[in-house]
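Participant: Right, I'll just put the structure down here and ask away after.
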Amino acid sequence: AKYSLLVSTDGGNRYRTVLYRTDETSYIYQAVTGETPVFLVRATDLAGNVEAVAEGIRVPRLSADINLGSAPAVTITPPVIVPNAEPVGETVADRLFEEAAFGIPSRTSTSQPSAFTRVIRPLAAERFATIPGESGADIGALALAVGPAGRIYASGGPGRNLLYRFDAGSVEPVKLASGLPPIYDLVFDASGQLWASTGGEGLLQLDPNTGAVLARIGAGIALGLAAIPGDTALYVSTTGGISRFNTATRKLTPFSGIRVDSMAVGADGTLYGTAWPSGGEVLRFDFRGRAEKVAKVDGKAESIAFGPAGSLLEGALLVGHETGGTITVLDPLSLRQTKIATGGDGRVEGLQPIGGGRFLATQGDQIDVFFTVAAPRVIETTIAEGFNRAQLTFDVSLTKNVKAPAGGDNPANYTLVNKDTGETVNIGAVQYNADSREADLLFETLSPAEYELTVAPSVESEQGIPIGGTGVSTTFRVFEDVSVSTRISYANTRLNRADGTLLFDVIVTNSADFDIAGPINVVFDELGDSSVVFFGNDGAPADANGYQLLVDGTVLAAGASTVVQTVTIANPDLLDLNFQPRILATLPPNQLPTFSSAPTLAAAVGAEYEYTAAADDPDGNTIIYVLADAPEGASVDPNTGQINWMPRKAAAAQSSFELRAYDARGAYKRQTWIVDVTGTNRAPIISPVNDVLATEGDLIEIPVSGFDPDGDSLIYFADNLPPGAVFDYFGQALRWRPGGDAAGVYENVTMIASDGFVETSVSFDIVIANNNVAPTLAPIPDRTISEGDEITFTLFGEDEDGDTLR
91 AKYSLLVSTD GGNRYRTVLY RTDETSYIYQ AVTGETPVFL VRATDLAGNV EAVAEGIRVP
151 RLSADINLGS APAVTITPPV IVPNAEPVGE TVADRLFEEA AFGIPSRTST SQPSAFTRVI
211 RPLAAERFAT IPGESGADIG ALALAVGPAG RIYASGGPGR NLLYRFDAGS VEPVKLASGL
271 PPIYDLVFDA SGQLWASTGG EGLLQLDPNT GAVLARIGAG IALGLAAIPG DTALYVSTTG
331 GISRFNTATR KLTPFSGIRV DSMAVGADGT LYGTAWPSGG EVLRFDFRGR AEKVAKVDGK
391 AESIAFGPAG SLLEGALLVG HETGGTITVL DPLSLRQTKI ATGGDGRVEG LQPIGGGRFL
451 ATQGDQIDVF FTVAAPRVIE TTIAEGFNRA QLTFDVSLTK NVKAPAGGDN PANYTLVNKD
511 TGETVNIGAV QYNADSREAD LLFETLSPAE YELTVAPSVE SEQGIPIGGT GVSTTFRVFE
571 DVSVSTRISY ANTRLNRADG TLLFDVIVTN SADFDIAGPI NVVFDELGDS SVVFFGNDGA
631 PADANGYQLL VDGTVLAAGA STVVQTVTIA NPDLLDLNFQ PRILATLPPN QLPTFSSAPT
691 LAAAVGAEYE YTAAADDPDG NTIIYVLADA PEGASVDPNT GQINWMPRKA AAAQSSFELR
751 AYDARGAYKR QTWIVDVTGT NRAPIISPVN DVLATEGDLI EIPVSGFDPD GDSLIYFADN
811 LPPGAVFDYF GQALRWRPGG DAAGVYENVT MIASDGFVET SVSFDIVIAN NNVAPTLAPI
871 PDRTISEGDE ITFTLFGEDE DGDTLR
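Position in the sequence shown (from 1) plus 90 gives the number in our numbering.
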């Protein structure tokens, strides 16, 4: 603009020009003595516009220079064409897609209802927490993150700038900070630092304990953040695309010019994102930042996250929709997708996997937790070296109760059978790890044979869904190590020095005087370095059974040799290899020993019990006898089968025995029986005790009595007493006066009578009702004062019920 300065000396009726079309914005006017000047400023622009003056004022003519300039230069940028991704032959999350295809909705929680009206099995959802206040556009709870210690962080509120924390195991939000810039995404890096995006401002580093801003970095940071596994870096969405942020050097490096909203990084480091502000497709980026469309979902993709590791969702993408309260599961390999949650009005802004195979999802001001409700399946079976332990890995968590029919750690729920002999192997113990969903089964060392391991159909998931049907069974074979009975030779060794691949031919000769049978495998142990890989028949790294030379059912007669087989070993570092081959095989069918003797079934205290077992092996092998189960003091001669036992008074009236006859190949036949023993000690009899109902302040006295059938003196004691209760040994009674804070139920209080050999017990519950006891005041000392003096004292009181005093 140009300015003209005019002045009037007659009170503003007629003006003359002082400055004409100038760029100056200040001027000093020298007035004449007695003059009262009035000033007027008029402006003009390059379009020819002249500022008007009020009607009746006379001013000189003012014309404007017109300069509209030339047409602006326009750079035309061709649109970026993002190609569609092609599916590959592999898949992930197969079981989830199989079960979701039935479209069966999960039961809705009545106490903690989900914001999603329909969730498809094998998933279910319920309310986790509420973040108060929505900010418009159906946005309440916004960003989610999980810290190194398992704490959950969430943003939301009317200004989208409140930060909350949920301590481990808690669903109560703790407000950390307010007044922050809007927080659209949260993420922890590999060093445990907390970062937040701001929707256009800088990248924030926040204190995880207080929520305070520790650092502000850059500008134009848009919505999404994603940590890169095993790297000190984040992917950061910006107003110009995607950048890679090094959390150590605090430097931003451009990665891609395609703008995104939410992002997630797979276990292999591949970046996925949701196209924004238009499109809403799920995109996949290569290492150069080039994108391809993986999927398009109804109503645009709003948020994205990978399913929890170790769950039915592992490897799959969770996609939250912009509208309709919908979550889709997407297989990034096959590109198949299925909706697993629908209903509600809000957009799904946040998705976050958490521990236990669960994940969190936001809708409106509510955060929901999703979990698996499928029947358990065994996804992996491992037989430990030494063949005395098996490890079963389940795809969902099991109920843990060693005594319950549904317990995943109950040994009675597992059956191990030798299929060659039909004998059942006793499961000694089961150790269940809820975190890894692994059940370790402990049993005796297995002899070479084929076995079937079965999990009972009564075993339930944590959500109470049983395996059902006939249970889950798996078969495996324990091989005989016949290395000492065979001879292995090598020929035609070839080495590719470019990639370190070693190939050679193997021939195995049966140098024993008996036949061996397939499957016959060769195993190379101790190859010296983890970089050296021994390959199996399918071209993949060999398992514990090695490379198969002869298939099942094939016989390698004494003195015969196998045909030439080529074995491959990858040795990229060209190391010196020390071969220590082992040959695993099966032997001809083995017949079990048979017992020809019957045990004695009666015994008496103080009299020697004897039984001489007799067993024969149809294959002519020598028999060895082992007592697998017997009363204390019983023994067997392993060569003759002679059992001796001197019953004592403390022996059980019915004492059980299990004798095994082993042949030379480790197969056995068991003989079990029960011996009735006379003259043994009989257990005391204790009088029953009913459950007790009392009130705080009452004196409770519970006597106990009993007698011994053998006339032995009895000793009485108690267990699991409530705090403050005592057992009077001499008076044979439990005594207790519950205080004002003792209301509650005390279960399984136990009274015990012992005759020195056997204990007999009786259990009962004590229920204490609340009784509001009056508060008490501390004594106030007497004082002597004069008339008119002021006295001041403080009252100290306490309430036995713990109520507030006022």
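Where is the CB? At the ideal position from N, CA and C, for every residue including glycine. None of these values were measured; they are calculated from a predicted model.
Quick one: is N810 buried, meaning 16 or more other Cβ sit within 10 Å of its Cβ, or exposed?
Facilitator: Counting from 1 along the sequence shown, the entry for residue 810 is found at position 720. Classification for N810: exposed.
Participant: What does Q655 pair with, by DSSP beta-bridge criteria?
Facilitator: Numbered from 1 along the sequence shown, position 565 holds the residue referred to as residue 655. V596, per the DSSP bridge assignment.
Participant: List in chain order: all unbroken beta strand (DSSP E) runs of 3+ residues lying wholly within the segment 743-767.
Facilitator: 744-752
Participant: Between the alpha carbons of G414 and D893, how many angstroms are there, rounded?
Facilitator: Counting from 1 along the sequence shown, the entry for residue 414 is found at position 324. Counting from 1 along the sequence shown, the entry for residue 893 is found at position 803. Near 49 Å, if we compare the C-alpha coordinates of D893 and G414.
Participant: Can you tell me which of the three DSSP states V574 falls into?
Facilitator: Counted from its first residue, the sequence shown places residue 574 at position 484. Note: V574 maps to helix in three-state DSSP.
Participant: At which residue ranges does the segment 269-309 contain complete beta strand (DSSP E) runs of 3 or more residues, listed in the order of the chain?
Facilitator: 275-278, 284-287, 293-296, 303-307
Participant: Please work out which residues of its chain come closer than 6 Å, Cβ to Cβ, to E180, disregarding the five sequence neighbours upstream and downstream, and give them in chain order.
Facilitator: Counted from its first residue, the sequence shown places residue 180 at position 90. Around E180: L423.
Participant: Along the chain, which unbroken stretches of the alpha helix (DSSP H) at least 4 residues long are found entirely within the segment 176-238?
Facilitator: 184-190
Participant: Check whether the Cβ atoms of D455 and T220 sit closer than 7 Å, and answer yes or no.
Facilitator: Locating residue 455 in the sequence shown gives position 365, counting from the first residue. Locating residue 220 in the sequence shown gives position 130, counting from the first residue. Yes; because the gap between Cβ atoms is below 7 Å, this pair is in contact.
Participant: Consult DSSP for A406 and reduce its assignment to one of helix, strand or coil.
Facilitator: Here the question's residue 406 lines up with position 316 in the sequence shown. If DSSP states are grouped into helix, strand and coil, A406 belongs with coil.
Participant: Which residue marks the beginning of the beta strand (DSSP E) containing Q553, and which one marks its end?
Facilitator: In the sequence shown, residue 553 corresponds to position 463, counting from 1. Counting along the chain, Q553 falls outside any beta strand (DSSP E), and DSSP gives it neither H nor E.
Participant: Using a Cβ distance threshold of 8 Å, determine whether the segment 97-111 contacts the segment 128-148, with at least three qualifying pairs required.
Facilitator: yes
Participant: Could you please give the first and the last residue of the uninterrupted beta strand (DSSP E) stretch that includes V857?
Facilitator: Locating residue 857 in the sequence shown gives position 767, counting from the first residue. Counted as a single uninterrupted DSSP element, the beta strand (DSSP E) harbouring V857 occupies residues 849-859.
Participant: For G301, does the count of other Cβ atoms within 10 angstroms reach 16, so buried, or fall short, so exposed?
Facilitator: By 1-based counting over the sequence shown, the position of residue 301 is 211. Looking at its Cβ environment, which holds 16 or more other Cβ atoms inside 10 Å, G301 is buried.
Participant: Just verifying my parser: in three-state terms, what is the DSSP assignment at P671?
Facilitator: Position 581 of the sequence shown, counted from the first residue, corresponds to residue 671. In the structure shown, P671 adopts extended strand secondary structure according to DSSP, grouped into three states.
Participant: Just verifying my parser: in three-state terms, what is the DSSP assignment at P869?
Facilitator: Mapped onto the sequence shown, residue 869 falls at position 779. Three-state result, P869: coil.
Participant: Out of L543, S551, L536, point me to the one whose CA is closest to V931's CA.
Facilitator: The requested residue 931 does not occur in the structure, where the chain is confined to residues 91 to 896.
Participant: Name the DSSP beta bridge partners of S803, please?
Facilitator: Counting from 1 along the sequence shown, the entry for residue 803 is found at position 713. None, per the DSSP bridge assignment.
Participant: Can you look up N503 in the DSSP assignment and give me helix, strand or coil?
Facilitator: Within the sequence shown, the letter at position 413 stands for residue 503. Helix, per DSSP.
Participant: So L293 and V261 are supposed to be a Cβ contact under 8 Å. How far apart are they, rounded?
Facilitator: By one-based count along the sequence shown, residue 293 stands at place 203. By one-based count along the sequence shown, residue 261 stands at place 171. Contact flag wrong, Cβ pair sits at about 30 Å.
Participant: Less than 7 Å between the beta carbons of G314 and V350, yes or no?
Facilitator: As a working mapping, residue 314 is identified with position 224 in the sequence shown. As a working mapping, residue 350 is identified with position 260 in the sequence shown. Contact: yes.
Participant: My assumption, with CB atoms under 8 Å, is that A480 sits in contact with D510. Please give the rounded CB distance.
Facilitator: Taking the first residue of the sequence shown as 1, we reach residue 480 at position 390. Taking the first residue of the sequence shown as 1, we reach residue 510 at position 420. Not quite, the Cβ-Cβ distance comes to about 18 Å (not below 8 Å), so this is no contact.
Participant: What does the alpha-carbon distance come out to for the pair A741 and N729?
Facilitator: Working through the sequence shown from its first residue, we reach residue 741 at position 651. Working through the sequence shown from its first residue, we reach residue 729 at position 639. If I take the Cα positions, the gap works out to 27 Å.
Participant: Taking P871 as the reference, which of T884, N860, K739 has the closest Cα?
Facilitator: On the sequence shown, residue 871 is found 781 positions in, with the first residue counted as 1. Cα-wise, what sits closest to P871 is T884.
Participant: Measure the alpha-carbon distance for E412 versus S551 and round it to whole angstroms.
Facilitator: Along the sequence shown, one-based indexing puts residue 412 at 322. Along the sequence shown, one-based indexing puts residue 551 at 461. Cα-Cα distance, rounded: 33 Å.
Participant: Near Y541, which residues of its chain fall below 8 Å by C-beta distance, leaving aside the five closest residues on each side in sequence?
Facilitator: Your numbering for residue 541 matches position 451 in the sequence shown. Excluding residues within five positions, the ones whose Cβ falls inside 8 Å are L506, V507, N508, K509, V515, T565, F566, R567, V568.
Participant: Rounded C-beta distance between R503 and A546? I'm assuming under 8 Å.
Facilitator: Taking the first residue of the sequence shown as 1, we reach residue 503 at position 413. Taking the first residue of the sequence shown as 1, we reach residue 546 at position 456. Contrary to the premise, residue 503 reads as Asn rather than Arg in this sequence. At roughly 4 Å, the Cβ-Cβ gap stays under 8 Å, so N503 and A546 are in contact.
Participant: Which term fits L136, buried or exposed, when burial requires 16 or more other beta carbons within 10 angstroms of its beta carbon?
Facilitator: As a working note, residue 136 is residue 46 in the sequence shown. Its Cβ having fewer than 16 others within 10 Å, L136 is exposed.
Participant: Determine the DSSP secondary structure at P248, reduced to helix, strand or coil.
Facilitator: By 1-based counting over the sequence shown, the position of residue 248 is 158. Note: P248 maps to coil in three-state DSSP.
Participant: Where does Y580 sit, in a helix, a strand or coil, going by DSSP?
Facilitator: As a first step, residue 580 must be located in the sequence shown, where it is residue number 490. In this structure, Y580 counts as strand in the three-state DSSP scheme.
Participant: If you count every other CB in all the chains shown that lies within 10 Å of the CB of N251, and 16 or more means buried, which is it?
Facilitator: Within the sequence shown, residue 251 is the residue found at index 161, counting from 1. Buried, by the Cβ-count rule.
Participant: Does the pairing of the segment 789-796 with the segment 744-755 give three or more beta-carbon distances under 8 Å?
Facilitator: With the cut-off at 8 Å, the segment 789-796 and the segment 744-755 do not touch.
Participant: Three-state secondary structure (DSSP) at N336?
Facilitator: The residue labelled residue 336 in the question sits at position 246 within the sequence shown. If DSSP states are grouped into helix, strand and coil, N336 belongs with the strands.
Participant: Run through DSSP, which three-state label would Q521 get?
Facilitator: Position 431 of the sequence shown, counted from the start, is the residue given in the question as residue 521. Q521: strand per DSSP, three-state reduction.
Participant: What does K429 pair with, by DSSP beta-bridge criteria?
Facilitator: Position 339 of the sequence shown holds residue 429. T418.
Participant: Counting only the same chain and skipping the five closest in sequence on each side, list residues whose C-beta sits under 6 Å from that of F345.
Facilitator: On the sequence shown, position 255 is the one that residue 345 refers to. Counting only Cβ-Cβ distances below 6 Å, and skipping sequence neighbours, we find I332, S333, R334, G379.
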